[in-house]
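Asker: Using our numbering, the letters of the sequence shown correspond one by one to residues 15 to 209.
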Amino acid sequence: MENNKLIKDNFSFLFEEKLLNELSQIGKIKKVNKGDFLIDIGQEMTFMPLLISGAIKVFRTDDDGDEYILYFIEGGDTCAMTLNCCLRGAKSEIKAVAEVDTTLLLVPISKMEDWLHYKTWRAFVFGSYNNRMKEMLEAIDSLAFMNMNERVLKYLKDKVLANKDESLNITHNIISDELNTSRVVISRILKKLEK
15 MENNKLIKDN
25 FSFLFEEKLL
35 NELSQIGKIK
45 KVNKGDFLID
55 IGQEMTFMPL
65 LISGAIKVFR
75 TDDDGDEYIL
85 YFIEGGDTCA
95 MTLNCCLRGA
105 KSEIKAVAEV
115 DTTLLLVPIS
125 KMEDWLHYKT
135 WRAFVFGSYN
145 NRMKEMLEAI
155 DSLAFMNMNE
165 RVLKYLKDKV
175 LANKDESLNI
185 THNIISDELN
195 TSRVVISRIL
205 KKLEK
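1. So V111 and I70 are supposed to be a Cβ contact under 8 Å. How far apart are they, rounded?
2. Is the CB-CB distance between T134 and E208 below 7 Å?
3. Once DSSP output is grouped into helix, strand and coil, what is the label at K71?
4. Is it the case that the segment 118-128 contacts the segment 54-64, given that we only count it when at least three CB pairs across the two stretches are under 8 Å?
5. State buried or exposed for N144, treating a residue as buried only when at least 16 other CB atoms are found within 10 Å of its CB.
6. Inspect the beta-carbon positions of G68 and T116 and report whether they are closer than 7 Å.
7. Quick one: give me the first and last residue of the alpha helix (DSSP H) that T134 is part of.
8. With the cut-off set at 7 Å, would you say M84 and M150 are in Cβ contact?
9. Residues in the same chain with beta-carbon distance under 6 Å from I94, minus the five sequence neighbours each way, listed in chain order, please.
10. Roughly how many angstroms separate the alpha carbons of E192 and F73, rounded to a whole number?
11. Within the same chain, show all residues whose beta-carbon is closer than 6 Å to that of F138, passing over the 5 residues directly before and after it, in chain order.
12. Would you check whether the ligand MN has a heavy atom nearer than 6 Å to the C-beta of K133?
13. Give me the Cβ distance between I53 and T96, rounded to the nearest whole Å; I'm assuming they're in contact under 8 Å.
14. Grab the span of the beta strand (DSSP E) containing E81 for me, first residue to last.
15. Would you say N194 and D80 are within 7 Å of each other, going by their C-beta atoms?
16. Mind reading off the beta-carbon distance from L34 to K22? Whole number of angstroms is fine, and I expect it under 8 Å.
17. Taking 7 Å as the cut-off, decide whether the C-beta atoms of L1 and K173 are in contact.
18. Assuming L20 is part of the alpha helix (DSSP H), what are its boundary residues?
19. Alpha carbon to alpha carbon, how far is L119 from L37? Give it in angstroms, no decimals.
20. Tell me the rounded alpha-carbon separation between S201 and H186.
This is the structure:
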């Protein structure tokens, strides 16, 4: 009964009653801690995560092991890359890590197509694709067109939004890793931003 209330409290603005009831019957609530891996590259997808609360960082890794942040997912949303893998039956091409303590509703991938007859489910799936596409274009624009000062500032703003906290507990090393640059460069830029 508690799961049913949690699902209705968080998704009734998105889905009709019948779909909410199916989500309550089939979905599984999972809590993950900050830093926990949810999905790794090459992993077979067996579920689709819907975020109830918290935030997830989605990124890719290149052949050299360098990581590039694609976007953050927040409460009430899902990952378009995961949706894509689920619909195609493909393995994951991304990594996903809990940015903060997070609560998820895990939906078996077998239900994704079954629910396409629900207008609200279709709108949710296509809306998620659209939102993530915009965020991925922003990530590409950031890499291609922004200087490092602008990238750091955008990164910090995105991090604040995802964490819902203006105070970030993060090291220069983490920032440099996530932006694929050196710690010295990050330290210099943060000093400039401070001034």
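Note that the Cβ used here is the ideal one computed from N, Cα and C, for glycine as well.
Answerer: Let me lay it out:
1. Within the sequence shown, residue 111 is the residue found at index 97, counting from 1. Within the sequence shown, residue 70 is the residue found at index 56, counting from 1. Confirmed, Cβ separation roughly 7 Å.
2. Residue numbering aside, residue 134 sits at position 120 when the sequence shown is read from its first letter. Residue numbering aside, residue 208 sits at position 194 when the sequence shown is read from its first letter. Against a cut-off of 7 Å, the Cβ pair of E208 and T134 comes out as no contact.
3. Position 57 of the sequence shown, counting from 1, holds the residue named residue 71. K71 falls in the strand class under three-state DSSP.
4. Counting Cβ pairs under 8 Å, three or more are found: they touch.
5. Residue numbering aside, residue 144 sits at position 130 when the sequence shown is read from its first letter. With fewer than 16 neighbouring CB atoms inside 10 Å of its own CB, N144 falls in the exposed class.
6. As a first step, residue 68 must be located in the sequence shown, where it is residue number 54. As a first step, residue 116 must be located in the sequence shown, where it is residue number 102. Taking C-beta atoms as the reference points, G68 and T116 count as a pair closer than 7 Å.
7. The sequence position of residue 134 within the sequence shown is 120, counting from 1. Boundaries of the alpha helix (DSSP H) around T134: K133 to F159.
8. Counted from its first residue, the sequence shown places residue 84 at position 70. Counted from its first residue, the sequence shown places residue 150 at position 136. Residue identity check: residue 84 is Leu in the sequence provided, not Met. In this structure, M150 lies closer than 7 Å to L84 by Cβ.
9. The count along the sequence shown starts at 1 and reaches residue 94 at position 80. Rather than Ile, the amino acid found at residue 94 in this sequence is Ala. Excluding sequence positions up to five before and after A94, its CB lies within less than 6 Å of the CB of S142, Y143 and R146, all in the same chain and listed in chain order.
10. For the purposes of this step, residue 192 is identified with residue 178 of the sequence shown, where counting begins at 1. For the purposes of this step, residue 73 is identified with residue 59 of the sequence shown, where counting begins at 1. Between E192 and F73, the C-alpha separation is close to 9 Å.
11. Taking the first residue of the sequence shown as 1, we reach residue 138 at position 124. So the list reads L28, once near-sequence residues are dropped.
12. With respect to the ligand MN, the structure shown offers nothing to examine, as it has no ligands at all.
13. As a first step, residue 53 is located in the sequence shown; it is residue number 39 there, counting from the start. As a first step, residue 96 is located in the sequence shown; it is residue number 82 there, counting from the start. Correct: roughly 7 Å between the Cβ atoms.
14. Counting from 1 along the sequence shown, the entry for residue 81 is found at position 67. Residues E81 to E88.
15. Within the sequence shown, numbered from 1, the residue matching residue 194 stands at position 180. Within the sequence shown, numbered from 1, the residue matching residue 80 stands at position 66. For N194 and D80, yes; Cβs fall inside 7 Å.
16. Along the sequence shown, read from residue 1 onward, the residue named residue 34 stands at position 20. Along the sequence shown, read from residue 1 onward, the residue named residue 22 stands at position 8. For L34 against K22, the beta-carbon gap comes to about 6 Å, under 8 Å, which counts as contact.
17. What the structure shows of the chain is the stretch from 15 to 209, and residue 1 is not part of that stretch, so it cannot be assessed.
18. Position 6 of the sequence shown, counting from 1, holds the residue named residue 20. Element bounds for L20: E16 to F25.
19. Within the sequence shown, residue 37 is the residue found at index 23, counting from 1. Within the sequence shown, residue 119 is the residue found at index 105, counting from 1. Their backbone Cα atoms lie some 8 Å apart in a straight line.
20. To locate residue 201, count along the sequence shown from 1; it is residue 187. To locate residue 186, count along the sequence shown from 1; it is residue 172. If you take the alpha carbons of S201 and H186, they lie about 6 Å apart.
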